[in-house]
Structures are given as structure tokens and as C-alpha cells.
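For my numbering, add 177 to where a residue sits in the sequence shown, where the first one is 1.
Beta carbons: idealized from backbone N, C-alpha and C, even for Gly.
What you are looking at is a predicted structure, and each value in this text was computed from that prediction instead of being measured.
Just below is one structure, and these are the notes that go with it.
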Amino acid sequence: MLEKVINILLVEDDEVDVMNVRRAFKKVNITNPLYIATNGIEALTMLRGSEGKPPQVPGQRRLVLLDLNMPKMGGIEFLQELRSDPHLKPTPVVVMTTSNQDKDRVEAYNLNVAGYILKPVTFANFIELMATLNKYWMLCEMP
């Protein structure tokens with residue numbers, strides 16, 4: 178069976194977390210293209226394209242890994258904007274955050290996130306999380 182490529186957009190402003198995701202992908206041989214945006218505004222531009230340019234993240238088989246606490250446009254604001262855009266609305270989003278607040282969790286699920294995951298403290302747990310997520314999205318049928 179041919180492995181299905183999933184275009185992953187990581188929306189994360191913390192360089193250490195970006196590095197951890199990259200290292201974890203490498204460690205568990207996740208070869209899906211990984212795009213990085215440091216805030217919600219940048220992420221929306223990468224998904225939509227701008228000034229007549231096509232989106233940086235290909236339109237098919239997209240997945241967004243989203244941090245909530247970011248400058249300029251936070252994760253919840255990004256989700257609200259994403260869900261109000263008819264072209265981006267179906268994009269699956271997994272929240273990966275340090276926020277353990279019920280308010281954030283409820284808001285995220287109300288905006289149809291595919292999952293809400295607390296960032297692991299140790300790198301070993303980070304690797305385990307990425308491997309599990311990879312298995313999950315390989316099983317999912319994505320448009």
C-alpha cells in the first residue's frame with residue numbers, strides 16, 4: 178500500500194517545541210511534509226495563499242497541529258477564523274498545548290478540533306505522542 182502523504186502545518190511560536198516536533202518526526206520516521214507558522218495570522222496566509230500566490234501548504238490532505246498561546250493571533254482566534262472560512266472549515270486540527278484550562282478545552286472542542294493534547298514534559302513522551310498521532314492520521318480517511 179502506498180503511504181498517503183499528509184501536509185502538516187505546525188502552528189507554534191516556541192522554537193524548542195518546533196525543534197522537539199522535528200526531532201520526534203525524525204526519530205519515528207514521519208516523512209510527511211512539515212510546514213511551520215509562528216502565529217495564527219501566518220498560518221492562515223500559508224493555508225489560503227496571498228497576493229495571487231497559491232497556498233504554501235497544499236490544499237489536499239492537510240492537518241494542523243495548533244498551539245493555543247501565541248502572539249498576534251492565538252489558537253482559539255485562529256480556529257474561529259478557520260471555521261468561518263468555507264474553504265478551510267473542513268481542515269482537521271489537533272490542539273497541542275500547555276493549557277490545561279477547561280475553558281480552552283471546551284472552546285477548542287466547540288470549534289470542532291479533532292483532538293486536544295497536552296504537550297508532554299519529556300522528550301521521550303513527545304516521541305511517543307508523535308508516533309501515536311502518526312498512526313492515527315494514517316488510519317484516517319482525509320479529503
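Glycine 236 carries a coil assignment under DSSP once its states are collapsed to helix, strand and coil. For glycine 292, the enclosing beta strand (DSSP E) begins and ends at 292-295. Here the alpha carbons of glutamine 257 and valine 290 stand approximately 11 Å from one another.
In the DSSP assignment, threonine 299 falls outside any beta strand (DSSP E), carrying neither H nor E. A straight line joining the alpha-carbon of lysine 204 with that of lysine 266 spans about 32 Å.
Around the C-beta of valine 182, fewer than 16 other C-beta atoms lie within 10 Å, and the residue is accordingly described as exposed. Counting along the chain, methionine 223 sits inside the alpha helix (DSSP H) bounded by residues 217-225. Shown here for leucine 306: same chain residues with a beta carbon closer than 7 Å to its own, the five before and five after excluded, namely Ile294, Pro297 in chain order.
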